[in-house]
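Data first, discussion second: the structure below is written as structure tokens.
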Amino acid sequence: MNSILSFSKLLNASISRFEKSSNKIRILKLKSLGINLDYTCILNKNVIAELGFSHTKKGIITLSSNTKLKYGVVLNAWGGSIEIKSNVFIGEYTVIYGHGGVSIGKDSLIAMHCKILSSNHTVPDRESQICSKPDILLPTTIGEDVWLGAGVTVLGGVKIGDGCVVGAGAVVSTSLPPYSVAVGVPARIVRMRE
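Each number in my numbering corresponds to the 1-based position in the sequence shown with 5 added.
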């Protein structure tokens, strides 16, 4: 029995060392692409981060200390910026587009399959193609200690105040004051946190 426990401890220690080494390699890979990130960040496999260019301006992505990005997270600055403060968790398959600038405050929890946008398309008359018109840049700000439930969509130009909770599947199309709880499509405030 003791030999099985010893083997199990040895195996767990080996797996832990392997995971730490893999995380360091993922951090170095993102740093080589020009992403600003702290060595305390934890990056799962298949995180995609792209700076992009807009009018010859290179995008900026900054991940502060203890940021955790789960499997399949996509960060694309599209020549804009994405700034994630310390101790933020971003769940699996979340997509953040930073055309107009996205800022996420410290200690926030972004659940899986969320979408955070910071632009919209110009809607032209029907004589013009939509894809031929430029994006409208709409900075998006998510405060500190915010919880976005699974599958939340945050549209461009929205400010979500500190301490907000947004229920799963909601579409946030207007700004939310601090400590509000919002649900639905479009998201509406149902109560305030005491």
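Cβ coordinates follow ideal geometry from the N, Cα and C atoms, glycine included.
Keep in mind it's a predicted model, so treat the numbers as computed, not measured.
Indicate the three-state DSSP secondary structure (helix, strand or coil) for Arg131 in the structure shown.
Looking up residue 131 in the sequence shown gives position 126. Reduced to three states, the DSSP call for Arg131 is coil.
How is Leu38 classed by DSSP in three states: helix, strand or coil?
The residue you call residue 38 lines up with position 33 of the sequence shown. Of the three classes helix, strand and coil, the one that applies to Leu38 here is coil, per DSSP.
Would you kindly report the start and end of the unbroken beta strand (DSSP E) that includes Val79?
As a first step, residue 79 must be located in the sequence shown, where it is residue number 74. Start and end: Val79 to Asn81.
Can you pull the DSSP bridge partners for His126?
For the purposes of this step, residue 126 is taken as the residue at position 121 of the sequence shown. In the DSSP output, where bridge partners are listed per residue, His126 has Asp140.
If I follow the unbroken beta strand (DSSP E) through Ala187, where does it start and stop?
As a first step, residue 187 must be located in the sequence shown, where it is residue number 182. Ala187 -> beta strand (DSSP E) spans Ser185 to Val188.
By DSSP's criteria, Ser86 is part of a beta bridge. Which residues make up the other side?
Here residue 86 refers to the residue found at position 81 of the sequence shown. Note: Ser86 sits in a beta bridge opposite Ile65.
Near Met197, which residues of its chain fall below 6 Å by C-beta distance, leaving aside the five closest residues on each side in sequence?
The residue given as residue 197 occupies position 192 in the sequence shown. These residues qualify, in order along the chain: Tyr184 and Ser185.
What is the DSSP secondary structure of Leu56, counted as helix, strand or coil?
Against the sequence shown, residue 56 aligns to sequence position 51. If DSSP states are grouped into helix, strand and coil, Leu56 belongs with coil.
Quick one: grab the DSSP three-state call for Ser26.
The count along the sequence shown starts at 1 and reaches residue 26 at position 21. Under the three-state reduction of DSSP, Ser26 is assigned to helix.
Can you tell me the Cβ-Cβ gap for Gly105 and Thr145, rounded? I've got them flagged as a contact below 8 Å.
Looking up residue 105 in the sequence shown gives position 100. Looking up residue 145 in the sequence shown gives position 140. Gly105 to Thr145, Cβ: 7 Å. Contact.
Give me the Cβ distance between Gly85 and Leu142, rounded to the nearest whole Å; I'm assuming they're in contact under 8 Å.
Here residue 85 refers to the residue found at position 80 when the sequence shown is read from its first residue. Here residue 142 refers to the residue found at position 137 when the sequence shown is read from its first residue. Yes, they are in contact, since the Cβ atoms of Gly85 and Leu142 sit about 7 Å apart, within 8 Å.
Are there 16 or more other CB atoms within 10 angstroms of the CB of Lys75, so buried, or fewer, so exposed?
Here residue 75 refers to the residue found at position 70 of the sequence shown. Classification for Lys75: buried.
Under the three-state reduction of DSSP, which class applies to Arg196: helix, strand or coil?
Within the sequence shown, residue 196 is the residue found at index 191, counting from 1. Strand at Arg196.
Taking the C-alpha atoms as reference points, what is the distance between Lys29 and Glu132?
Residue mapping note: residue 29 aligns to position 24 of the sequence shown, counting from 1. Residue mapping note: residue 132 aligns to position 127 of the sequence shown, counting from 1. Roughly 52 Å between the two C-alpha positions.
N- and C-terminal bounds of the beta strand (DSSP E) containing Ser108
By one-based count along the sequence shown, residue 108 stands at place 103. Unbroken beta strand (DSSP E) run through Ser108: Val107 to Ile109.
Just tell me which of Val107, Val128 and Gly168 has its CA closest to the CA of Gly64.
As a working mapping, residue 64 is identified with position 59 in the sequence shown. Just measuring C-alpha positions, the residue of Val107, Val128 and Gly168 sitting nearest Gly64 is Val107.
So, Asn41 versus Thr67, is the Cβ gap smaller than 8 Å?
Taking the sequence shown and counting its residues from 1, the one referred to as residue 41 is at position 36. Taking the sequence shown and counting its residues from 1, the one referred to as residue 67 is at position 62. Yes; because the gap between Cβ atoms is below 8 Å, this pair is in contact.
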